[in-house]
Amino acid sequence: MKKYINTGNKDTRSGFGAGLTELGQKNENVVALCADLIGSLKMDDFKKNHPERFFQVGIAEANMIGIAAGMTVGGKIPFTGTFANFSTGRVYDQIRQSVAYSDKNVKICASHAGLTLGEDGATHQILEDIGLMKMLPGMTVINTCDYNQTKAATIAIAEHHGPVYLRFGRPSVPNFTPENGTFEIGKAVLLNEGTDVTIVATGHLVWEALVAAEALEAKGISAEVINIHTIKPLDEEAILKSLAKTKCIVTAEEHNILGGLGESVSRVLALNNPAPQEFVAVNDSFGESGTPDQLMQKYKLNNQAIVEAAERAIKRK
């Protein structure tokens with residue numbers, strides 16, 4: 066199988082900050098809004114370089130979304146920044162009415178998503194955000210896997226007209242995708258070819274899927290690994306093409322088992338090619354306080370869980 070090299074652990078939120086900084090230099094219509102979390106969202110450089118295009122809204126997330134929607138009327142491309150919990154759950158009505166229903170060109174950028182938020186605990190560890198956002202008509206939903214891909218996605222969504230939800234995280238994770246690579250919205254990335262089982266993963270679980278594929282190879286199992294960075298629109302063609310070879314699939318995500326990537330894939334299978342599917346996701350529960358590593362192990366969101374899920378899927382063929 067193809068070997069991927071971790072060039073050094075980096076946090077995906079810093080990838081967002083780097084992408085936003087580059088956008089600020091390239092596109093004068095890009096503006097940024099933050100809800101009192103400039104450092105956490107790595108928006109410092111944009112604020113420093115373009116103070117006239119940066120707006121500190123304070124702890125008023127609903128107001129931030131409304132302001133961003135209004136700015137699009139004048140041709141601006143607003144990027145809003147706060148934690149994923151506050152980016153979605155706290156402001157869902159404003160997103161639904163002022164952004165999605167109104168088809169406004171707002172980029173909702175959300176850090177500290179999922180269990181890997183860590184010690185702040187269940188109140189901040191939103192595991193429902195992908196489901197909330199993908200159900201909104203016209204909303205593009207992106208969940209990146211490392212620093213490089215997050216930077217590329219941040220730059221790419223500025224060229225896409227329409228509302229976007231960009232989800233990334235707090236901890237430092239392996240950085241393994243190409244530097245300065247292109248990011249194509251809605252186009253999955255085939256990371257490893259295989260014949261026995263398809264593993265489609267998103268976000269922080271992509272690296273874990275690659276580690277799992279190596280472990281499976283040692284057991285004589287050939288795993289195909291696909292990076293699904295765009296949950297909506299979903300690359301159905303890539304999933305079905307892989308499934309035609311492997312005849313079974315595992316989905317892996319740092320999200321509730323209900324409403325996330327796994328259920329989107331299940332719909333594709335049900336409509337086109339029913340096949341055994343196993344889910345690696347949080348099993349309909351809230352999180353708790355702990356380090357990211359502790360939580361990912363306890364809630365079985367790691368490479369070992371993916372290996373076990375792959376073995377179960379193969380047995381069901």
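Here our numbering is used: the first residue of the sequence shown is 66, the next is one more, and so on.
Beta carbons are placed, not taken as given, at the ideal position from N, Cα and C, and that holds for glycine.
Under the three-pair Cβ rule at 8 Å, the region 306-318 counts as touching the region 340-350.
For GLN214, the enclosing alpha helix (DSSP H) covers residues 212-222. Beta-bridge annotation (DSSP): LYS297 is paired with VAL206. The C-alpha of VAL265 lies about 6 Å from the C-alpha of VAL290. Under DSSP, VAL96 forms a beta bridge with PRO143.
Per DSSP, the unbroken beta strand (DSSP E) holding GLU318 starts and ends at 314-321. By the 16-neighbour rule on beta-carbons within 10 angstroms, PRO298 is exposed. In the DSSP annotation of this structure, ILE132 is not part of any beta strand (DSSP E); the continuous alpha helix (DSSP H) holding it starts and ends at 126-138. In the structure shown, the three-state DSSP call for ALA253 is coil. Secondary structure at ASP168: coil, using DSSP grouped into helix, strand and coil.
Boundaries of the alpha helix (DSSP H) harbouring GLN90: 77-91, taken from the DSSP string.
Between THR356 and VAL138, the alpha-carbon positions lie close to 42 Å from each other.
Secondary structure at ASN348: coil, using DSSP grouped into helix, strand and coil. The alpha carbon of GLN359 has as its nearest neighbour, out of PRO341, GLY186, LEU334 and ILE173, the alpha carbon of GLY186. Counting only residues of its own chain and dropping the five nearest sequence neighbours on each side, GLU249 has no CB closer than 7 Å to any other CB.
Between ALA175 and PRO202, the beta carbon gap of about 19 Å keeps them out of contact (Cβ cut-off 8 Å). In this structure the region 375-382 lies against the region 256-276, because at least three pairs of beta carbons, one per stretch, are closer than 8 Å.
Short of 6 Å from the beta carbon of GLN190, and not among the five residues preceding or following it, lie these beta carbons of its own chain, in chain order: LEU180, LEU182 and GLY352.
Counting other Cβ atoms within 10 Å of its Cβ, GLN214 reaches 16 or more and is therefore classed as buried. Between ALA97 and PHE151 the beta-carbon gap is near 16 Å, outside 8 Å, which marks them as no contact.
Scanning GLN342, LEU281 and GLN162 for the CA closest to the CA of ILE304 turns up GLN342. The alpha-carbon separation between GLU301 and MET108 amounts to approximately 34 Å. Beta-bridge analysis with DSSP links GLU343 to VAL315.
According to DSSP, residue pairing for THR263 in a beta bridge involves GLU289 and ILE314. Within the same chain, and ignoring the five residues on either side of GLY123 in sequence, the residues whose Cβ sits closer than 8 Å to its Cβ are ALA100 and ASP101.
In this structure, the CA atom of GLY196 is about 18 Å from the CA atom of CYS210.
Secondary-structure assignment with DSSP links ARG232 through a beta bridge to ALA175 and ASN208.
Minimum Cα-Cα distance from THR267 among the listed residues LYS172, ALA288, ILE293 and LEU281 corresponds to ILE293.
GLY104 sits exposed, since fewer than 16 C-beta atoms from the chains shown fall within 10 Å of its C-beta. Residue environment for ASN367: buried (at least 16 other C-beta atoms within 10 angstroms of its C-beta). Looking at the DSSP output, VAL330 sits in no beta bridge, so it has no partner there. When DSSP states are grouped into helix, strand and coil, SER237 belongs to the strand group.
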